[in-house]
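This report concerns only the one structure given below.
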Amino acid sequence: MTNFATRLKLVAQQPGIVNAFNRGVERETLRYTKDGHLVQTPHPEALGSALTNQFITTDFAEQLLEFITPVSQDISTLVQQLSDIHCFAQVTIDDEGLWPLSMPCYVGDEENIELAKYGTSNIGKMKTLYRQGLKNRYGSLMQIISGVHFNFSFPETFWDALFGTQSDSERCASKSEAYLGVIRNYYRFGWLLPYLFGASPALCSSFIKGRETSLPFENIGETLYLPYATSLRLSDLGYTNSAQSILKIGFNSLEEYLEGLRQAIHSPSEEFAQIGVKVNGEYRQLNSNVLQIENELYAPIRPKRVTQSGEKPSEALANRGIEYIEVRSLDVNPFSPIGITETQIRFLDLFLTWAALSDSEPMNDCELNCWRENWQKVILEGRKPGLELQIGCHGEVLTLQAWAKRVFGELKLVAQWMDQAAGDSAYQDVCQQLSAWIDLPENTLSGQFLEQIKQSGGLGKTGRALGETYRQYHLAHNYQYYSQELMEQEVTRSVTEQYQIEQDDHCDFDAFLQQYFAYLNDQEELPAVRAACE
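Residue numbering for the sequence shown follows our numbering, beginning at 492 and increasing consecutively.
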């Protein structure tokens, strides 16, 4: 019996595991006008404080909304929560639409993209300054690309089944090691996600206006596309920052990951130093290091831990280990009014569970480069017949279809266990549906979407038509989990909390930044992985 089969048998003896997966979704979307242009209005006051509202905030820009669900163990509940948040936002913004695609609508000028504002508190001003730094480093257009982030963790019963009885420190270390194994396998085989669910094979020509590209684009009017592309959002044109490809951040241990992150945060950048930090009394970025803060690291998946007050993400990981993982490589699904479907959520359950149960050997730099090449191939030409991928520096080369079928062979075994525990066939149905897409790339989201673009005459027309359909859908939506009253209460509460934060500030912004970044002057290592792991 293989290691995978042995581990699957262990967790299958705990039927309650499937009903205890923890999931949360963050969905980004641009506000746009009826003619398909970026709105020029600030974040609506009726949505509350972008700094403190737990459901609705902004990402990079005032025009870029982000909807956030709490952690849920039930898929239907998660979908209901996300639908209700969309409903409240759409009713509030009235005639403005929620752009249904990952790649932006028409943007006439980058200066039309207004940096997100979070009030007059030091932390609020710091969040805006961080975005100013991103604008000066990479440009604003890349930052308004929308995506869906999926947060996931296994219940303690899952770890009980795999590891048996452990002390708190042993369990902390075991979980962190296991989650890093999931991350390594995600890098090895996660290209399945852009293949199946990538939905950005095209972009508006305004997105690359004035930028050079060697990509062999074809066009439909003002729409540029690659015939076999799956997710231009994840390409060097989009959300993935090629400037960070030189970073050596490994995933073989939590210590290795944190040390790589520490070096990136502490390392000066000659390129970013030319921008300047504070010029003529005006800040241009938080600092001139390779990363201003650790959130600047672009990655398809991240290890995460809920932070305590005043704690940085890396400190939380060092002190208490990995708590959950954040999948960041999902495009907005243009065929869903909320940007993601129950089918996608179930597939992520399957894939991440499979990644946890499968062997996951350490990855060296050679293999890291190998997976980057595989992802780029799938991102730019994933639907190309006979596309070949190599898993491992000296591993065998197989077609994408052959590799995908190998993975699905084991995913189906995971689905059988999950369905037996739930008493239905939902996960096996997802496997059956998506496995059929392996040999029918035109059925993938990118395949369907590109065909729709061609039929409608362009990206803008397709986006506006879908957006209006979803606008009407949200306006007619009846609350399923929340209520209008509860959402309005959160608006009021968030405004009050922001006001209190601003009143509690007791130092000027310069002193605040100096205190916040005091660690940059301390060349010692990040805290060793300890606390709960001791």
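From the three backbone atoms N, C-alpha and C, an ideal C-beta is built for every residue, glycine too.
Residue range of the beta strand (DSSP E) that residue i falls in?
i, result
"residue 922", "Careful: residue 922 lies outside any beta strand (DSSP E), inside the alpha helix (DSSP H) at 917 to 926."
"residue 519", "513 to 523"
"residue 714", "714 to 716"
"residue 895", "Taken as a continuous stretch (DSSP letters only), residue 895 belongs to no beta strand (DSSP E), being part of the alpha helix (DSSP H) at 891 to 913."
"residue 693", "693 to 695"
"residue 555", "555 to 559"
"residue 638", "638 to 644"
Over what stretch of residues does the alpha helix (DSSP H) that includes residue i continue unbroken?
i, result
"residue 847", "833 to 848"
"residue 804", "804 to 811"
"residue 678", "659 to 680"
"residue 494", "494 to 503"
"residue 719", "It is not in any alpha helix (DSSP H) - residue 719 carries neither H nor E in the DSSP assignment."
"residue 940", "936 to 947"
"residue 609", "Looking at the DSSP string, residue 609 is not in any alpha helix (DSSP H), and its letter there is neither H nor E."
"residue 965", "950 to 966"
"residue 872", "856 to 872"
"residue 821", "Premise fails: residue 821 lies in the beta strand (DSSP E), 815 to 822, not in any alpha helix (DSSP H)."
"residue 750", "745 to 757"
"residue 762", "761 to 764"
Starting from the C-beta of residue i, find all residues in its chain whose C-beta is less than 6 Å away, skip the five residues before and the five after it, and write them out in chain order.
i, result
"residue 738", "755"
"residue 865", "682, 880"
"residue 1024", "Only weak support is given to the placement of residue 1024: the predicted model assigns it a pLDDT of 45, under 50, and the question is left unresolved by the model."
"residue 978", "579"
"residue 672", "851"
Report all residues from its chain with a CB closer than 7 Å to the CB of residue i; omit the five preceding and five following residues, and keep chain order.
i, result
"residue 957", "591, 825"
"residue 527", "596, 597, 951, 954, 955"
"residue 676", "846, 849, 851"
"residue 627", "766, 775, 776"
"residue 907", "919"
"residue 965", "577, 578, 581, 828"
Do you know whose CA, among the options, lies nearest residue i's CA?
i, options, result
"residue 959", "828, 772, 922", "828"
"residue 886", "679, 871, 559, 972", "679"
"residue 788", "757, 814, 752", "752"
"residue 913", "594, 583, 506, 744", "506"
"residue 794", "640, 564, 1003, 558", "640"
"residue 501", "574, 651, 631", "651"
"residue 931", "686, 855, 857", "686"
"residue 670", "901, 791, 814, 1000", "814"
"residue 649", "726, 504, 857, 927", "504"
"residue 933", "539, 692, 508, 1011", "692"
"residue 684", "963, 971, 873", "873"
"residue 620", "1003, 894, 749, 916", "1003"
"residue 843", "898, 853, 982", "898"
"residue 743", "780, 772, 667, 799", "667"
Residue i by DSSP, collapsed to three states: which one?
i, result
"residue 793", "strand"
"residue 548", "strand"
"residue 566", "helix"
"residue 620", "helix"
"residue 1008", "coil"
"residue 784", "coil"
"residue 542", "coil"
"residue 885", "coil"
"residue 629", "helix"
"residue 596", "coil"
"residue 589", "strand"
"residue 979", "helix"
"residue 973", "coil"
"residue 528", "strand"
"residue 773", "strand"
"residue 852", "coil"
Just mark residue i as buried or exposed, buried being the case when its beta carbon has 16 or more other beta carbons within 10 Å.
i, result
"residue 705", "exposed"
"residue 510", "exposed"
"residue 797", "exposed"
"residue 1016", "Low per-residue confidence applies at residue 1016: pLDDT is 44, beneath 50, and the placement is therefore not dependable enough to give any value."
"residue 860", "exposed"
"residue 467", "Given a span of 492 to 1025 for the chain in the structure shown, any question on residue 467 remains unanswerable."
"residue 638", "buried"
"residue 1014", "Note on residue 1014: pLDDT 49, under 50, position unreliable in the model; no value is reported."
"residue 575", "buried"
"residue 1018", "Because residue 1018 sits at a pLDDT of 48, beneath the cut-off of 50, its placement in the model cannot be relied upon, and the point is left open."
"residue 496", "exposed"
"residue 962", "buried"
"residue 647", "exposed"
"residue 519", "buried"
Using a Cβ-Cβ distance cut-off of 8 Å, determine whether residue i contacts chain B.
i, result
"residue 524", "Going by chain labels, chain B is absent from the structure shown, which holds only one protein chain."
Using C-beta distances below 8 Å, list every residue in its chain close to residue i, excluding the 5 sequence neighbours before and after it, in chain order.
i, result
"residue 533", "553, 605, 608"
"residue 699", "715, 728"
"residue 696", "710, 713, 714, 715"
"residue 992", "542, 543, 610, 612, 614, 615"
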